[in-house]
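Quick note on this note's numbering: the sequence shown kicks off at 39 and runs consecutively.
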Amino acid sequence: MSTVRTERLKGPFWTPAVYAMAALMGIGFVFGMIRFFGGLAAVTNLTDSYPWGIWKAVNVAAGVALATGGFTMAALVHIFHRERYAPLLRPALLVGLLGYTFGAVSLFIDIGRYYNIWHPMWPSMWQGDSALFEVAICIMTYLTILYVEFIPIICERYIGRVNLPGALARLNHATDRCLRFLQKWLNQILSAVLVLGVVLSCMHHSSLGSLMLVAKFKMSALWYTPILPLLFLMSVFAVGFAVVICESLAVSWAFGRRFLMEVLTPLSLYVLIFQGLYAIAKTSDLLIREAHATLLDGSPESILFLVEMIFGIFIPLGLLVSHRVRRSPFLLGIATFLVIFGVFMNRVNVFITAYRSPFAMDRYIPSFSEIIITIGLLSAFVLLHRIVLFVFPILAVNEEPHHSTQEAPVALPRLETAGGIQTGG
Numbered sequence: 039m040s041t042v043r044t045e046r047l048k049g050p051f052w053t054p055a056v057y058a059m060a061a062l063m064g065i066g067f068v069f070g071m072i073r074f075f076g077g078l079a080a081v082t083n084l085t086d087s088y089p090w091g092i093w094k095a096v097n098v099a100a101g102v103a104l105a106t107g108g109f110t111m112a113a114l115v116h117i118f119h120r121e122r123y124a125p126l127l128r129p130a131l132l133v134g135l136l137g138y139t140f141g142a143v144s145l146f147i148d149i150g151r152y153y154n155i156w157h158p159m160w161p162s163m164w165q166g167d168s169a170l171f172e173v174a175i176c177i178m179t180y181l182t183i184l185y186v187e188f189i190p191i192i193c194e195r196y197i198g199r200v201n202l203p204g205a206l207a208r209l210n211h212a213t214d215r216c217l218r219f220l221q222k223w224l225n226q227i228l229s230a231v232l233v234l235g236v237v238l239s240c241m242h243h244s245s246l247g248s249l250m251l252v253a254k255f256k257m258s259a260l261w262y263t264p265i266l267p268l269l270f271l272m273s274v275f276a277v278g279f280a281v282v283i284c285e286s287l288a289v290s291w292a293f294g295r296r297f298l299m300e301v302l303t304p305l306s307l308y309v310l311i312f313q314g315l316y317a318i319a320k321t322s323d324l325l326i327r328e329a330h331a332t333l334l335d336g337s338p339e340s341i342l343f344l345v346e347m348i349f350g351i352f353i354p355l356g357l358l359v360s361h362r363v364r365r366s367p368f369l370l371g372i373a374t375f376l377v378i379f380g381v382f383m384n385r386v387n388v389f390i391t392a393y394r395s396p397f398a399m400d401r402y403i404p405s406f407s408e409i410i411i412t413i414g415l416l417s418a419f420v421l422l423h424r425i426v427l428f429v430f431p432i433l434a435v436n437e438e439p440h441h442s443t444q445e446a447p448v449a450l451p452r453l454e455t456a457g458g459i460q461t462g463g
């Protein structure tokens with residue numbers, strides 16, 4: 039049985055940076071209220087020719103892609119039985135849960151008739167031929183799965199510690215029993231839930247690439263390709279692990295914790311492998327379609343494509359080849375950040391840069407309000423991430439067992455394969 043001992047963050051919660059994040063979140067909330075009371079026209083530069091802006095490209099397409107660490111780590115640890123990476127499971131789950139949650143919030147803000155967002159859940163309104171419908175169903179289902187995966191952490195935190203205030207105190211014992219029952223029941227089904235989550239993630243990430251296949255004559259040849267769904271799927275495998283590494287390094291640096299290089303260094307090999315496969319596929323596709331003819335024409339599209347390829351694919355790939363880079367927290371942080379930057383640029387380029395409506399006089403440029411709301415959502419993400427780290431046992435302890443004040447050990451869920459291989463107890 040493999041166990042991971044976890045702990046909550048200790049220390050002061052409020053710092054100048056946290057106050058700044060809270061202020062940005064508040065400003066974004068004000069502009070968000072203007073959007074809901076005044077409509078999209080009051081805060082955006084969206085038109086009938088350009089109905090999708092940075093909220094779709096950045097908050098949904100890029101945000102969901104960067105939140106894939108949850109399913110990639112679940113697959114690595116629970117399906118392929120690489121238990122050495124178990125200390126990164128909970129941080130990856132947290133980033134995935136918050137990333138998908140804020141992606142859903144962004145979608146709610148972006149929809150013109152936001153009060154109709156429940157329509158995909160009603161069978162009579164389903165459209166099975168729509169890629170967007172498949173994305174909506176899979177993301178909603180996967181988001182639910184992420185919350186189900188997080189429930190055992192909540193149970194662990196409060197079992198034996200239930201202390202309801204005032205008159206509710208009489209429910210302490212009953213609540214504790216419910217938490218114990220829920221924990222036991224979820225441990226029995228969690229393996230199936232994890233597998234379902236991996237399958238759903240692969241489905242909707244490829245479908246996100248399918249959304250732009252209908253715009254063949256409205257997109258730059260540098261990005262439009264019939265294998266766009268495959269490229270989207272390949273890129274998230276690389277960026278999923280990269281985000282997990284970058285998040286771990288950032289948290290360790292911000293809170294003065296030990297860098298888990300004994301885990302992050304071997305994990306970076308997976309980033310190298312998937313980034314290499316993604317680079318080969320993207321470069322080969324460009325050459326086969328002969329789209330490289332416009333690569334050096336000096337247009338804004340060609341410049342941004344080169345930025346994406348050079349700084350987001352080839353430079354981090356070259357860095358990750360070096361064993362010295364993979365062993366250094368600073369250099370590994372730079373390399374994984376560039377991988378994240380590359381996927382972020384790809385999503386923005388596919389949904390905004392490459393798209394040109396034949397009936398529009400001007401290009402879409404996001405308004406100040408759109409940018410502020412996006413920054414507000416990002417600030418809320420960081421702030422909520424910090425809150426969860428302080429409230430729940432997410433991070434693996436750094437100290438030796440006899441020096442630590444950690445929470446109870448957490449056993450990995452039991453997962454059986456056809457060959458009888460098991461992990462956990």
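Where is the CB? At the ideal position from N, CA and C, for every residue including glycine. A quick note: this is a predicted structure, and the numbers were derived from the prediction, not measured.
* Does the beta-carbon distance from residue 332 to residue 259 come in below 8 Å? -> yes
* Asked: Roughly how far, in whole angstroms, is the beta-carbon of residue 502 from the beta-carbon of residue 62, given that I think they are within contact range, below 8 Å?
  -> As shown, the chain starts at 39 and ends at 463. That puts residue 502 outside it, with no answer to give.
* If you count every other CB in all the chains shown that lies within 10 Å of the CB of residue 338, and 16 or more means buried, which is it? -> exposed
* To do: Can you tell me which of 59, 41, 53 and 55 puts its alpha carbon nearest to the alpha carbon of residue 411?
  => 59
* **residue 242 burial status per 10 Å Cβ neighbour count (16 or more: buried)** => buried
* Out of 149, 272, 113 and 55, state which residue places its alpha-carbon closest to the alpha-carbon of residue 94. => 149
* **Same chain, Cβ closer than 7 Å to residue 353, five either side skipped, listed in chain order** => 376
* Over the uninterrupted alpha helix (DSSP H) stretch that includes residue 223, give me the two end residues. => 210-248
* Asked: Would you report the Cα separation of residue 221 and residue 193, rounded to the nearest angstrom?
  -> 6 Å
* Which of helix, strand or coil does DSSP assign to residue 442? -> Unreliable positioning characterises residue 442 in this predicted model, as indicated by a pLDDT of 38, which lies under 50. A coordinate reading is not provided.
* Status (buried if at least 16 other CB within 10 Å, exposed otherwise) for residue 364 -> buried
* Asked: At which residue ranges does the stretch 118-200 contain complete alpha helix (DSSP H) runs of 4 or more residues, listed in the order of the chain?
  -> 127-148 and 169-196
* Asked: What span of residues does the alpha helix (DSSP H) with residue 86 cover, start to end?
  -> Run containing residue 86: none; DSSP gives neither H nor E here.
* **Own chain partners of residue 56 with C-beta closer than 8 Å, once the 5 adjacent residues on each side are dropped** => 421 and 424
* Measure the CB-CB distance between residue 46 and residue 429 and report whether it falls below 8 Å. => yes
* Asked: Exposed or buried, what is residue 441 when buried is set at 16 or more other beta-carbons lying within 10 Å of its beta-carbon?
  -> Unreliable placement is indicated for residue 441, whose pLDDT of 40 sits below 50; no coordinate value is reported for it.
* Local Cβ density within 10 Å of residue 205, reported as buried at 16 or more and exposed below that -> exposed
* Give a yes or no on contact between the stretch 85-92 and the stretch 264-273, applying the rule of three or more CB pairs nearer than 8 Å. => no
* Rounded to whole angstroms, how far is the Cβ of residue 419 from the Cβ of residue 140, which I believe are closer than 8 Å? -> 5 Å
* According to DSSP, is residue 393 helix, strand or coil? -> strand
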